[in-house]
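Visitor: Heads up: the sequence shown begins at 17 in our numbering, then just goes up one per residue.
C-beta atoms are modelled at their ideal positions from N, C-alpha and C, and glycine is treated no differently.
One structure is given below, represented as structure tokens, and several questions about it will come after.
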Amino acid sequence: MNAAPTSPTPELTAFLHAIPKMELHCHLLGTVRKNTFIDLVQRARAPLSLDEIEAFYTRGEKPVGVLRVLRALDQWLLQSPADLERITYEYLQDAAAHNVRYAEFFWNPTGTVQCSGMSYGQAQQAILAGAAAAQKDCGIRGRLLPSIDREAPAEAAVQMVEWMLANRHDEVPGIGIDYRENERPPELFVEAYALARKNGLKTTAHASEFGLPWNNLQTAIEVLKVDRVDHGYTVIDNPELARRCADLGIVFTVVPTNSYYLRTLAPERWALDHPIRQMPAMGLRVHPNTDDPTLHHVDPTGAWSKMVCDFGFSIADLKSFMLNGIDAAWIDGSEKRSLRQQWTAEFDTLRAKAGI
Numbered sequence: 017m018n019a020a021p022t023s024p025t026p027e028l029t030a031f032l033h034a035i036p037k038m039e040l041h042c043h044l045l046g047t048v049r050k051n052t053f054i055d056l057v058q059r060a061r062a063p064l065s066l067d068e069i070e071a072f073y074t075r076g077e078k079p080v081g082v083l084r085v086l087r088a089l090d091q092w093l094l095q096s097p098a099d100l101e102r103i104t105y106e107y108l109q110d111a112a113a114h115n116v117r118y119a120e121f122f123w124n125p126t127g128t129v130q131c132s133g134m135s136y137g138q139a140q141q142a143i144l145a146g147a148a149a150a151q152k153d154c155g156i157r158g159r160l161l162p163s164i165d166r167e168a169p170a171e172a173a174v175q176m177v178e179w180m181l182a183n184r185h186d187e188v189p190g191i192g193i194d195y196r197e198n199e200r201p202p203e204l205f206v207e208a209y210a211l212a213r214k215n216g217l218k219t220t221a222h223a224s225e226f227g228l229p230w231n232n233l234q235t236a237i238e239v240l241k242v243d244r245v246d247h248g249y250t251v252i253d254n255p256e257l258a259r260r261c262a263d264l265g266i267v268f269t270v271v272p273t274n275s276y277y278l279r280t281l282a283p284e285r286w287a288l289d290h291p292i293r294q295m296p297a298m299g300l301r302v303h304p305n306t307d308d309p310t311l312h313h314v315d316p317t318g319a320w321s322k323m324v325c326d327f328g329f330s331i332a333d334l335k336s337f338m339l340n341g342i343d344a345a346w347i348d349g350s351e352k353r354s355l356r357q358q359w360t361a362e363f364d365t366l367r368a369k370a371g372i
């Protein structure tokens, strides 16, 4: 049984900061620094007051969702390729400060293209330029995952994949899907996923988030045929499906700071009843991520800390989560083997030095 919630010690925090990390579940527009957001508002003369901006970046005990902030960025603030290049660089710079060495991050092209006047190709080029600069300056490799806006028509999802194919790039290895899952189940997007798979793109999907039933996860696996899953928490309600996911070795990119469970579970029960606490015991492979770090008030060190201090996982568990991330990353087999060897040795050395 996992340990009861505790507070992090300085030694644990230093260790968690130092271990090598991946980010596989992070939304570019959820990484925007507050001062950058204010700069963009002022330059765009957007109809957002400082009080509204402050509300966007306030994280209460029962936090509201962050989707409204992401919509505001697309609607009013992202006006040029330079904006996308800046926020990409800053995200990866911030992640690298927590020893994130590799990141696959989401961006929703549909909204950006519709609202900004930029073409898909211009936007992708800008994001990749920011990533290249961050790799040069900070040593982090960032790769782009265009993500379907499931609130848009299914035809827009197909169009997004077509844009990707017309602007094919090695640093854009696959697709995701996000935004509100309610009433927009995975089966609506079969055509887009089939087109992506046919052309060699990897796939993932936000599924069974927001307390929505495990059926969406099952559809994502069986119909969309995803390579990994984002969230997927209600899998715990179907032990048979959980066993199948375990047998398949599917990795779930989980988010310790997910807003839904902070809102819906009693504060004194949140850490004890959260699905993340139960998933590994069911044989499921998980990997912790920040999701929307500046809006969730979390950094990669903090996300990993929550796995220990809130959900009661051991240091040995963290090592397995780290290896899960390597296995789930969209890199080739030789690179995975190399990273598993290098990061395992580094993790073990850091653990011995910390004495934990």
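1. May I ask you to report which of helix, strand or coil DSSP gives Ile143?
2. Of all the options Val271, Gln234, Asp243, Leu240, which has the alpha carbon lying nearest to the alpha carbon of Ala258?
3. Using the Cα positions of Trp286 and Asn274, report the straight-line distance between them to the nearest angstrom.
4. What is the DSSP secondary structure of Met295, counted as helix, strand or coil?
5. Given a cut-off of 8 angstroms on the beta-carbon distance, is the pair Glu39 and Thr306 in contact?
6. Can you have a look at Asn124 and say buried or exposed, based on whether 16 or more other CB atoms are within 10 angstroms of its CB?
7. So what does DSSP say about Tyr118, is it helix, strand or coil?
8. Taking the alpha carbon of Asn340 as the reference point, which residue from Val302, Ser330, Phe363 has its own alpha carbon closest?
9. Let's see if you can read the secondary structure: which residues bound the beta strand (DSSP E) around Arg244?
10. Go through its chain and collect everything with a Cβ distance to Arg356's Cβ below 7 angstroms, but skip five positions before and after it.
11. Are the Cβ atoms of Gly248 and Phe226 separated by less than 8 angstroms?
12. Short of 7 angstroms in beta carbon distance, which residues of its chain neighbour Pro144, apart from the five on each side in sequence? Order them along the chain.
13. Is the region 51 to 71 in contact with the region 287 to 296, if contact means three or more CB pairs nearer than 8 angstroms?
14. Please say whether Leu240 and Thr219 have beta carbons closer to each other than 8 angstroms?
15. Determine the DSSP secondary structure at Phe72, reduced to helix, strand or coil.
16. With distance defined between alpha-carbon atoms, name the residue in Gly133, Lys50, Thr126, Pro162 nearest to Pro169.
17. What are the boundary residues of the alpha helix (DSSP H) that Arg157 is part of?
18. Considering only the alpha carbon of each residue, which of Thr317, Ala142, Asp243, Arg49 lies closest to His33?
19. Around the Cβ of Asn215, are there at least 16 other Cβ atoms within 10 angstroms (buried) or fewer (exposed)?
20. Could you tell me which residues DSSP pairs with Val270 in its beta bridges?
21. Assuming Pro298 contacts Ile237 (C-beta within less than 8 angstroms), just tell me the rounded distance between them.
22. Identify whether Lys352 lies in helix, strand or coil by the three-state DSSP scheme.
23. So the candidates are Pro36, Gln151, Leu181; which of them puts its Cα closest to the Cα of Val116?
24. Would you verify that the beta carbon of Glu197 is, or is not, closer than 8 angstroms to some beta carbon of chain C?
Guide: Well, looking at it:
1. helix
2. Gln234
3. 11 angstroms
4. Assignment of Met295 by DSSP, reduced to helix, strand and coil, places it in the coil class.
5. yes
6. buried
7. strand
8. The shortest C-alpha to C-alpha distance from Asn340 to any of Val302, Ser330, Phe363 is the one to Val302.
9. 244 to 247
10. Leu339, Ile342
11. The answer is no: Cβ separation not under 8 angstroms.
12. Reading the sequence as shown, one finds Leu at residue 144 and not Pro. If we look at Leu144 and ignore the five residues flanking it on each side, its Cβ neighbours are Leu160, His185, Glu187.
13. Remark: fewer than three beta-carbon pairs, one from each stretch, lie closer than 8 angstroms, so the region 51 to 71 and the region 287 to 296 are not flagged as touching.
14. yes
15. helix
16. Thr126
17. It is not in any alpha helix (DSSP H) - Arg157 instead sits in the beta strand (DSSP E) that spans 157 to 165.
18. Thr317
19. With fewer than 16 Cβ atoms within 10 Å of its Cβ, Asn215 is classed as exposed.
20. Pro304
21. First, the residue type needs correcting, since residue 298 is Met and not Pro in the sequence shown. Contact doesn't hold; Cβ gap of about 15 angstroms is too wide.
22. In the structure shown, Lys352 sits in a helix (DSSP, three-state: H, G or I).
23. Pro36
24. As a matter of chain content, chain C is missing from the structure shown, which is built from one protein chain.
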